[in-house]
DNA sequence: TAAAAATACTCCATAGGTATTTTAT
DNA sequence: ATAAAATACCTATGGAGTATTTTTA
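Chains as they are written, first to last, in the working numbering: chain A, 1 to 296; chain B, 1 to 296.
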């Protein structure tokens with residue numbers, strides 16, 4: 001018998017989806033549960049909010065009047081959580097999301113470790129799958145949010161940069177590049193190069209950057225194309241070639257002195273990792289906090 | 001495990017009262033129930049919101065950060081209800097409030113009838129008691145809101161005009177005033193007058209208005225002082241004198257031709273009835289709607 | 001030690017699920 | 001005839017009450 005945020009959320013989703021059952025799916029509820037909450041809202045305001053018919057659900061005048069309030073209440077909740085994020089220290093609950101292969105394997109472990117230390121009672125469920133599976137998961141609301149290496153272009157998905165990354169040159173410690181006082185792009189082109197496979201986001205970024213520098217990607221002396229970051233690192237360590245790779249994936253090797261990285265003069269390769277969220281999703285607190293944490 | 005408006009409301013009340021048990025009283029809950037909701041909020045945000053000690057309850061830094069959001073959520077609710085009020089047609093629930101004697105007896109019946117017709121499923125509980133009892137009821141949260149004849153001056157009570165009223169001259173149909181083309185204040189002073197008792201709000205308004213017109217109240221030919229509106233009407237009908245009385249109390253007599261009312265030239269006596277609400281009270285939907293209804 | 005918050009427990013309302021029926025095109 | 005919303009029914013969670021214990025100035 002009282003107005004709740006939950007009801008407004010459900011109402012908003014039904015209005016947006018134009019269907020009780022589709023909204024139920026998006027909300028991870030059953031259709032009768034959605035019906036119940038909307039009915040409770042209708043009873044609260046003493047007026048019907050939707051006109052139901054088997055093919056379509058439409059807002060009534062009062063539904064139209066309520067819609068902006070429902071929207072505002074969602075935004076309010078987001079703001080409240082954001083505003084409180086600085087004070088959160090001991091969250092409980094679940095943090096479930098998806099990440100692309102590279103991010104899941106090399107970037108996240110460190111951040112998840114820090115986050116988990118700060119919030120030991122949060123259970124983390126991470127699905128590492130390829131980007132197209134992530135997008136599908138987002139669209140059918142199986143995944144709350146995803147971390148990907150490039151913006152997702154889909155009308156229902158909102159992407160936002162969350163982490164800065166850099167692609168850097170790597171070579172084994174004894175390599176002759178180590179002798180040079182400075183390394184130019186031309187120097188890089190002189191040496192055997194190990195590249196990621198076609199379709200890799202990393203490869204794409206490298207090629208775009210070369211183009212930007214006025215260098216045809218064909219000029220790379222590509223000796224191998226490998227489909228995994230780990231394989232490339234091993235190849236470089238074994239002296240099979242040099243490569244350009246995500247900075248975040250080689251902390252370990254740098255620390256152990258297994259690989260060396262040097263700046264390529266005048267050729268910094270910046271990129272971002274992105275969060276991807278369904279336009280109409282309301283992320284749970286743990287998720288919002290984690291994203292906020294990633295953005296620092 | 002989800003943030004609710006209810007929790008924010010309780011949190012806000014505790015913060016305002018500086019005490020769980022006092023807040024519980026204001027919210028018509030028990031202290032353990034308040035504790036529970038605050039704990040739920042603290043768990044949700046993963047941070048303590050209050051520092052408890054036997055003498056005082058103080059906000060922590062995170063509590064201070066949350067406070068404006070809690071306040072905003074209350075205002076949001078108010079706005080949402082107000083914005084929806086035009087569409088409410090079949091409310092359910094209880095409408096419980098208090099009213100002063102005159103308002104309860106003569107003014108409210110009509111409005112309650114109209115309101116009840118529009119919302120037949122609302123149960124109305126009206127306590128008609130004198131103003132000082134109403135104020136006490138408001139202060140200890142026994143009464144949600146009250147309708148009174150004059151603004152209440154108390155730091156914890158917010159008064160607001162809700163109904164317009166007018167004090168009008170009445171005389172019996174055959175009275176010689178009926179012959180006059182226009183009635184002046186001087187004409188009124190010529191005739192025997194029936195007045196309310198000392199301390200009556202109505203009498204006070206009349207005296208103030210006379211003073212404003214530069215007329216000493218002593219000049220009224222007061223033949224009787226009666227302590228009830230009904231008695232005055234009977235007296236006027238019986239030809240014992242004329243009187244000035246609240247317009248809203250004589251609809252019935254005017255319709256039956258038992259009394260006549262005429263304007264006193266240049267001497268309109270306007271006044272308002274007021275709603276009185278505890279500063280920190282959150283009125284239930286039915287109450288908000290009813291007040292909105294009274295304001296038209 | 002005394003006043004207030006926290007805890008223990010019990011009960012009940014209600015949210016949500018599954019299964020089924022109703023409804024309107 | 002069919003897809004979708006409403007209803008019926010059941011279960012379980014948790015919100016609120018009463019009684020009691022714990023806490024700290």
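The C-beta atom is built at its ideal place from N, Cα and C for all residues, glycine as well.
Asked                                                                                                                                                                                      : Found
On the DSSP letters alone, give me the boundaries of the alpha helix (DSSP H) that residue 42/B sits inside.                                                                               : 31-45
If you measure from the beta carbon of residue 106/B to each beta carbon in chain A, is any gap under 8 Å?                                                                                 : no
Using DSSP's beta-bridge definition, name the partner residues of residue 96/B.                                                                                                            : 125/B
So the candidates are 73/B, 93/B, 69/B, 40/B; which of them puts its Cα closest to the Cα of residue 46/A?                                                                                 : 93/B
Please classify residue 109/A: does DSSP put it in a helix, a strand, or coil?                                                                                                             : helix
Could you name the residues of chain B that residue 44/A contacts, counting a contact when the two beta carbons are closer than 7 Å?                                                       : 285
Is it the case that the segment 81-89 of chain B contacts the segment 250-258 of chain B, given that we only count it when at least three CB pairs across the two stretches are under 8 Å? : no
How long is the line joining the alpha carbons of residue 146/A and residue 151/B, rounded to whole angstroms?                                                                             : 58 Å
Using a cut-off of 8 Å between C-beta atoms, extract the partners of residue 82/A located in chain B.                                                                                      : Near residue 82/A there are no residues of chain B at all, since even the closest Cβ is about 10 Å away, more than 8 Å.
Judging by CA-CA distance, which residue of 20/B, 194/B, 97/B is the nearest neighbour of residue 289/B?                                                                                   : 97/B
Would residue 62/A pass as an interface residue toward chain B - the criterion being a Cβ-Cβ separation below 8 Å?                                                                         : yes
Just the C-alpha distance for residue 3/A and residue 44/A, rounded to the nearest angstrom, thanks.                                                                                       : 7 Å
Just checking: is the beta-carbon of residue 4/B within a distance shorter than 8 Å of some beta-carbon in chain A?                                                                        : yes
Bridge partners for residue 195/A per DSSP, in chain order?                                                                                                                                : 225/A
When DSSP labels each residue in this structure, what does residue 168/B get in the three-state scheme?                                                                                    : strand
Go to residue 206/B, then tell me how far its alpha helix (DSSP H) extends in each direction, as first and last residue.                                                                   : 201-212
Is residue 259/A helix, strand or coil by DSSP?                                                                                                                                            : coil
Within the 8 Å Cβ cut-off, does residue 71/B reach chain A?                                                                                                                                : no
Drop a sphere of 10 angstroms on the beta-carbon of residue 53/A, count the other beta-carbons inside from all chains shown, and report buried for 16 or more, exposed for fewer.          : exposed
Apart from the five residues on each side of it in sequence, which residues of its chain come closer than 8 Å, Cβ to Cβ, to residue 183/A?                                                 : 169, 177, 262, 263, 264, 265
Reducing DSSP to helix, strand and coil, say where residue 57/A ends up.                                                                                                                   : strand
Output the distance between the C-alpha atoms of residue 123/B and residue 108/B, rounded to the nearest integer angstrom.                                                                 : 15 Å
Name the chain A residues whose beta carbon is nearer than 9 Å to that of residue 76/B?                                                                                                    : 69, 72, 73, 76
Please state whether DSSP places residue 3/B in a helix, a strand or coil.                                                                                                                 : coil
What whole-angstrom Cβ distance do residue 223/A and residue 102/A have, given they're in contact under 8 Å?                                                                               : Not quite, the Cβ-Cβ distance comes to about 22 Å (not below 8 Å), so this is no contact.
I'd like to know whether the C-beta of residue 87/A is nearer than 8 Å to at least one C-beta of chain B.                                                                                  : yes
Which bits of chain B does residue 65/A rub up against, with CB to CB less than 8 Å?                                                                                                       : 83, 84, 86, 87
Just the Cα atoms here: how many angstroms apart are residue 154/A and residue 220/A?                                                                                                      : 33 Å
Give me the residue from 22/B, 121/B, 242/B, 1/B with the minimum Cα distance to residue 187/B.                                                                                            : 242/B
Chain A beta carbons: is any one of them nearer than 8 Å to that of residue 27/B?                                                                                                          : no
In chain order, what residues of the same chain lie with their CB nearer than 7 Å to the CB of residue 60/A, ignoring the 5 residues before and after it?                                  : 48, 49, 50, 51
Less than 8 Å between the CB atoms is what I'm expecting for residue 27/B and residue 34/B, so what's the real figure, rounded?                                                            : 7 Å
Is there a Cβ of chain A sitting closer than 8 Å to that of residue 93/B, yes or no?                                                                                                       : yes
Determine whether the beta carbon atoms of residue 162/B and residue 12/B lie at a separation below 8 Å.                                                                                   : no
Out of 6/A, 5/A, 36/A, point me to the one whose CA is closest to residue 20/A's CA.                                                                                                       : 36/A
Counting only beta-carbon atoms, is residue 47/A nearer than 8 Å to chain B?                                                                                                               : yes
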